[in-house]
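Quick note, this note's numbering runs 27 ahead of the 1-based positions in the sequence shown. Before any comments, here is the structure.
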Amino acid sequence: MKNKLFAAAVLSLIISPAFGDDAISVNYVFEGDHQVDFSSMARGPLRVGEFTDGRAVDNPMLIAGDIVADKALADIVRDALVQGFLKGNAGLVDSAENLILEGSIVSSETAVSGDTVQITIRTSVQLRNAGRTVWETVLFGRGSAPVAEGANAALADALDRTIRSLVLDDYFLMEVL
């Protein structure tokens, strides 16, 4: 019992600097290759609209647990999805769109197991065409990284998986391509 308490105390000392109340600077860049070509979207131009935070939290910059970012989680997820589209050569527009993708953060969680930190983000997204919802789902992004690499590494992995969850969804692709 004493060994378990000692191990928990040591682990909390190791984790505290990486996950303290100080905001982490999120400079996420999607470096993956989902191999989806969005350059010719037959159904018209796409705009990535507003993403909101539907969690019951006071601070929209809260990632999960006590991990706080330097910007709102909804903005981080939206920016990641934009990067995913741009990686596929999507011609995104700011107005005069036929399609609009909007979303809301449903939940976010963090867990530490051994020397690994895990961040899970669930985002509800809707694709609208002419004001009518044509597709919707909840994207599931779970990322993990060694505690030594910090929360940013786990968050980046979760965002990578969120992007893939969207752009590799067959029903989504049927609506936009």
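Built from N, CA and C at the ideal position, the CB exists for glycine as well. Keep in mind the model is a prediction, meaning the values are calculated, not measured.
Using a Cβ-Cβ distance under 7 Å, would residue i count as near chain C?
i: S151; result: Absence of chain C from the displayed structure is noted, only one protein chain being present.
For residue i, which residues from the same chain have a beta carbon less than 7 Å from its beta carbon, with the 5 sequence-adjacent residues on both sides left out?
i: V37; result: Unreliable positioning characterises V37 in this predicted model, as indicated by a pLDDT of 38, which lies under 50. A coordinate reading is not provided.
i: A180; result: A172
i: L204; result: M68, A69
In angstroms with no decimal places, state the Cα-to-Cα distance between residue i and residue j.
i: T164; j: G141; result: 32 Å
i: V63; j: R159; result: 25 Å
i: S134; j: R70; result: 31 Å
i: T147; j: P72; result: 30 Å
i: G177; j: I132; result: 22 Å
i: D106; j: S151; result: 15 Å
i: D93; j: D187; result: 22 Å
i: D49; j: E129; result: 30 Å
i: S52; j: V104; result: 14 Å
i: N54; j: D97; result: 10 Å
i: A101; j: L166; result: 13 Å
i: L182; j: R149; result: 12 Å
i: N156; j: V84; result: 31 Å
Short of 8 Å in beta carbon distance, which residues of its chain neighbour residue i, apart from the five on each side in sequence? Order them along the chain.
i: N86; result: V95
i: S66; result: G115, N116, A117, G118
i: D60; result: K114
i: F199; result: L154, W162, T164, L193
What is the residue span of the beta strand (DSSP E) that residue i lies within?
i: A181; result: Counting along the chain, A181 falls outside any beta strand (DSSP E), though it belongs to the alpha helix (DSSP H) covering 178-194.
i: F167; result: 159-173
i: V63; result: No beta strand (DSSP E) contains V63, which DSSP labels as neither H nor E.
i: N125; result: Where N125 is concerned, there is no enclosing beta strand (DSSP E), given that its DSSP letter is neither H nor E.
If contacts are defined as beta-carbon pairs under 8 Å, then residue i and residue j qualify, I think. What distance do you get, rounded to the angstrom?
i: I190; j: L108; result: 6 Å
i: A91; j: T143; result: Between T143 and A91 the Cβ distance is about 15 Å, and since that is not below 8 Å, they are no contact.
i: S171; j: D184; result: 6 Å
i: R169; j: D121; result: No, R169 and D121 are not in contact; Cβ-Cβ is about 31 Å, not under 8 Å.
With residue i as the anchor, note down where its alpha helix (DSSP H) starts and where it stops.
i: E202; result: 197-203
i: A101; result: 100-114
Give me, in chain order, the residues of the same chain whose beta-carbon lies closer than 6 Å to that of residue i; leave out the 5 immediate sequence neighbours on both sides.
i: D196; result: none
i: G111; result: F57, I190, V194
i: V161; result: L154, E202
i: A99; result: P87, M88
Answer yes if the region 80-89 comes into contact with the region 114-129, meaning at least three C-beta pairs across the two stretches below 8 Å, and no otherwise. no
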